[in-house]
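Heads up: the structure comes next, in structure tokens.
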Amino acid sequence: MATPGEPMLRVDDIQVFYGNIHALKGVTLEIEKGEIVTLIGANGAGKSTTLNTISGLLRPRSGSIFYQGTDLLKVPPYQTVTLGLSQSPEGRKIFPRMTVKENLAMGAFSRPKQDLTADYERVFALFPLLWERRTQAGGTLSGGEQQMLAIGRALMAQPKLLMLDEPSMGLAPMLVEKIFEIIKEINSQGTTILLVEQNANVALEISHRGYVIETGSIVLSDNAQALLTNPQVREAYLGGA
Amino acid sequence: MEQLAQQLMNGLMLGCLYALIAVGYTMVYGIIELINFAFGELFMFGTFISIAMMVDTITLFGRPVPMPGLSFFLAVPIAMVAVAAMGVTIERLAYRPLRNAPRLAALISAIGMSIFLMNFSQAIFGSKQVFFPDVPIFTEAGLAKSLTIGGAQVTYLQLFVVFITVVAMVALNLFVQRTRVGRAMRASAQDKQTSALMGVNVNRVIAITFIIGSAMGALAGGLYGAVYHFARPDMGFFPGLKAFIAAVLGGIGNIPGAFLGGLVLGMIESLASAYLPMGSQYRDAFAFVILILLLSFKPSGLLGSTVSEKA
Ligand SMILES: Nc1ncnc2c1ncn2[C@@H]1O[C@H](COP(=O)(O)OP(=O)(O)OP(=O)(O)O)[C@@H](O)[C@H]1O
Ligand SMILES: [Mg+2]
Chain L
-1 MATPGEPMLR VDDIQVFYGN IHALKGVTLE IEKGEIVTLI GANGAGKSTT
49 LNTISGLLRP RSGSIFYQGT DLLKVPPYQT VTLGLSQSPE GRKIFPRMTV
99 KENLAMGAFS RPKQDLTADY ERVFALFPLL WERRTQAGGT LSGGEQQMLA
149 IGRALMAQPK LLMLDEPSMG LAPMLVEKIF EIIKEINSQG TTILLVEQNA
199 NVALEISHRG YVIETGSIVL SDNAQALLTN PQVREAYLGG A
Chain B
267 MEQLAQQLMN GLMLGCLYAL IAVGYTMVYG IIELINFAFG ELFMFGTFIS
317 IAMMVDTITL FGRPVPMPGL SFFLAVPIAM VAVAAMGVTI ERLAYRPLRN
367 APRLAALISA IGMSIFLMNF SQAIFGSKQV FFPDVPIFTE AGLAKSLTIG
417 GAQVTYLQLF VVFITVVAMV ALNLFVQRTR VGRAMRASAQ DKQTSALMGV
467 NVNRVIAITF IIGSAMGALA GGLYGAVYHF ARPDMGFFPG LKAFIAAVLG
517 GIGNIPGAFL GGLVLGMIES LASAYLPMGS QYRDAFAFVI LILLLSFKPS
567 GLLGSTVSEK A
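Protein chains in written order, with this note's numbering: chain L, -1 to 239; chain B, 267 to 577.
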């Protein structure tokens, strides 16, 4: 499928509108297989819009998105996950009236008739709390527990490319570190990761590369170490220090 | 005492018919928050198509047309399939284009569909009442076969209606709780975008919901015809409204709730029209009294969802 030299995901100059609000003004980015790539940017910069456009929930007015040689703009939104692309959406979006176990089963909806035992075990090993809550309704979990469930659910699709939209949102500092360790672990198990984070420092520390997005355009792209030491980036996104 | 038992039995059967129609309202509302007023008319088509399949000739557009004269037990399933096809077509033409429009637009479209279907059926079948043939195994020498239970005369047909309804409700509940498509339905009812992210084809799930709801309405129509022996283009109006009230009563979006709401409504209607002074003249009004009381005191319905939802 993938031609040699082609990145796993190539987003080329996409323009996305909400009605007449111009949210993405030509976003271009690439992700190589095996990488962790972080997208950082202020509130409203267009990070979630970028992820939702890659997932197919939003359609760009122009531009292109290729994933492993497939033109994603020709794929209906509900089939992107079948191609190995899964997203843990902003705001977690847990199914509130389904149990933890059912939420995880929904994560594997794109893999019918497969034995999920090992997948459940993997998720429960990463998040033992979820095992304790497995029969509880998703809507009754705490925010942090819902976040773990959202990540676990995205993993159930056995993605090749996992997109995480603010996975550390609302988590206690201890848990934030733990989540990033887990993200690294998932990556080392072979999953490519596109990460959107407000916690830019920690995110960049585990990333290979990063993009900075400002009001709908990519303004900077570099390897993670360089971004961490870039004075402008430090000033704007890393709390100065 | 005997009269009470009799009224309870009648109420139970009536309640089953309401429940079968209410399932469509509740499932469709659960998934797209639309009150599909056309279910009353789909119920009516269920009765007409059952008749058409059972007789040897029927008058269509004023002309006699030869018909297959099938058994009731084949005619009703055929009506269910035909009405299910009508249901998905309606969804496709009248509701899907309005999916992202303000809710009022879709509601008006539903009311328009209901009026259109009523007039359409009048154009096809005429405005006169059409006779629903006897079902041989439920009758003997022109009379309904029955037995006596606790002092009440219970016809075989009534027992059949109750039995079929219970089977349909249990099957439907298992389908929604246990199967993959059922799970996709529940997920889509809770969050369509996220369901799509999980790989659910939400349009297909909505179409399946209309298929099931319409088929259940047609089943109710076939059974109703067998019990009351007629079909008429406006026959769906009150049963449709009452089934909607039954769905609200049980907690809209909730399948066991639709069953319970139907039964409660059928019983109340049956008892109130038997025991209240002038009750039988007002039999169609009780449902609305219940609706008003319900909306004032427990708008979430008897089995309404209580799980709090965190954003
Ligand atoms: N559904 C919507 N309708 C209209 N405008 C929207 C919608 N969603 C997002 N926008 C606008 O598009 C722009 C980008 O939003 P987006 O959610 O992608 O930002 P973000 O970078 O993810 O921000 P945050 O860090 O706050 O999550 C914002 O200006 C936002 O107001
Ligand atoms: Mg966002």
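All C-beta atoms in this analysis are idealised placements derived from N, C-alpha and C, irrespective of residue type, glycine included.
Starting from L/Glu28, trace the beta strand (DSSP E) both ways and give me its first and last residue.
-> Under the DSSP assignment, L/Glu28 falls in the beta strand (DSSP E) whose first and last residues are 19 to 29.
C-alpha gap between B/Leu425 and B/Gly491, whole angstroms | A straight line joining the alpha-carbon of B/Leu425 with that of B/Gly491 spans about 15 Å.
Return the CA-CA distance between B/Gly567 and B/Gly296, expressed in angstroms with no decimal places.
-> Going from the Cα of B/Gly567 to the Cα of B/Gly296 covers about 14 Å.
Does the distance from the CB of B/Ser375 to the CB of B/Ala360 come in under 8 Å?
-> Yes, they are a contact pair.
Write down the C-beta distance between L/Val9 and L/His206 rounded to the nearest angstrom, noting that I regard them as a contact closer than 8 Å.
-> Rounded to the nearest angstrom, the Cβ distance from L/Val9 to L/His206 is 17 Å, too far for a contact under 8 Å.
Unbroken alpha helix (DSSP H) run spanning L/Glu130, endpoints = Per DSSP, the unbroken alpha helix (DSSP H) holding L/Glu130 starts and ends at 126 to 130.
B/Glu268 versus B/Asn366, B/Gln419, B/Thr405, residue with shortest Cα-Cα distance | Between B/Glu268 and the set B/Asn366, B/Gln419, B/Thr405, the nearest pair of CA atoms involves B/Gln419.
State the CB to CB distance for the pair B/Ala288 and B/Ala484, rounded to an integer number of angstroms; the pair is presumed to be in contact (CB under 8 Å).
-> Rounded to whole angstroms, the Cβ separation of B/Ala288 and B/Ala484 is 14 Å, and the two are not in contact under 8 Å.
Are L/Val98 and B/Leu463 closer than 8 Å when you measure CB to CB?
-> Contact flag unset, no.
Rounded separation between B/Ala551 and L/Met154 - CA only = Our two residues, B/Ala551 and L/Met154, have alpha carbons roughly 52 Å apart in a direct line.
Under a Cβ-count criterion, where at least 16 other Cβ atoms within 10 Å of its own Cβ denotes burial, should B/Thr445 be classed as buried or exposed?
-> Exposed, since its Cβ has fewer than 16 Cβ neighbours within 10 Å.
Residues sharing a beta bridge with L/Gly208, DSSP = In the DSSP secondary-structure assignment, L/Gly208 is bridged to L/Thr36, L/Asp220.
DSSP-derived helix/strand/coil call for L/Arg8 | Note: L/Arg8 maps to strand in three-state DSSP.
Give the DSSP-derived three-state secondary structure of L/Gly61 in the structure shown.
-> Note: L/Gly61 maps to strand in three-state DSSP.
Using a Cβ-Cβ cut-off of less than 7 Å, give me the residues of the stretch 84 to 96 of chain L that come near chain B, in sequence order.
-> The residues in question are Gln85, Pro87, Gly89, Lys91, Phe93, Pro94, Arg95, Met96.
Taking 7 Å as the cut-off, does the CB of L/Asn18 come closer than this to any heavy atom belonging to ligand 1?
-> For L/Asn18, the CB stays at least 7 Å from every heavy atom of ligand 1.
Per DSSP, the bridge partner or partners of B/Glu299 | Answer by DSSP bridge pairing: none, since B/Glu299 is not bridged.
Distance, Cα to Cα, L/Gln145 vs B/Leu569?
-> The C-alpha of L/Gln145 lies about 29 Å from the C-alpha of B/Leu569.
DSSP state of B/Glu575 mapped onto helix, strand, coil = Note that B/Glu575 scores 38 on pLDDT, short of 50, meaning its location in the model is unreliable; the coordinates nonetheless yield the value given after this. In the three-state reduction of the DSSP assignment, B/Glu575 falls in the coil class, being assigned neither a helical nor a strand state.
Supposed close pair B/Val598, B/Pro399 - CB separation, criterion 8 Å = Beyond the ends of chain B as shown, which are 267 and 577, falls residue 598 of chain B; an answer cannot be given.
Quick one: is the Cβ of L/Pro45 within less than 7 Å of any heavy atom of ligand 2?
-> Correcting the residue type first, residue 45 of chain L is Lys in the shown sequence and not Pro. Yes - ligand 2 has a heavy atom lying nearer than 7 Å to the Cβ of L/Lys45.
Spatial distance of L/Ile149 from L/Ile211 (CA atoms) | Those two C-alpha atoms are separated by around 24 Å.
Element boundaries [beta strand (DSSP E), containing L/Met161] = Per DSSP, L/Met161 belongs to the beta strand (DSSP E) from 159 to 163.
Contact under 8 Å by Cβ, B/Asn439 with B/Ile521 | The answer is yes: Cβ separation under 8 Å.
So does B/Ala462 have its beta carbon nearer than 7 Å to some heavy atom of ligand 1?
-> No.
Just to confirm, are L/Met104 and L/Arg151 a CB contact at a threshold of 8 Å?
-> Taking 8 Å as the Cβ cut-off, L/Met104 and L/Arg151 qualify as a contacting pair.
For the stretch 267 to 297 of chain B, which residues have a beta carbon sitting closer than 9 Å to at least one beta carbon of chain L?
-> The residues in question: there are none.
So what's L/Val14 in DSSP terms, helix, strand or just coil?
-> L/Val14 falls in the strand class under three-state DSSP.
By Cβ distance, which residues of its chain are closer than 6 Å to B/Phe504, with the 5 residues on each side in sequence left out?
-> Excluding residues within five positions, the ones whose Cβ falls inside 6 Å are Asp550.
Chain B contact for L/Val244 (CB, 8 Å cutoff) = Any question about residue 244 of chain L goes unanswered here, given that chain L covers just -1 to 239.
Return yes when at least one heavy atom of ligand 1 lies under 7 Å from the C-beta of L/Gly42, else no.
-> Yes; taking the cut-off as 7 Å, the Cβ of L/Gly42 has a heavy atom of ligand 1 nearer than that.
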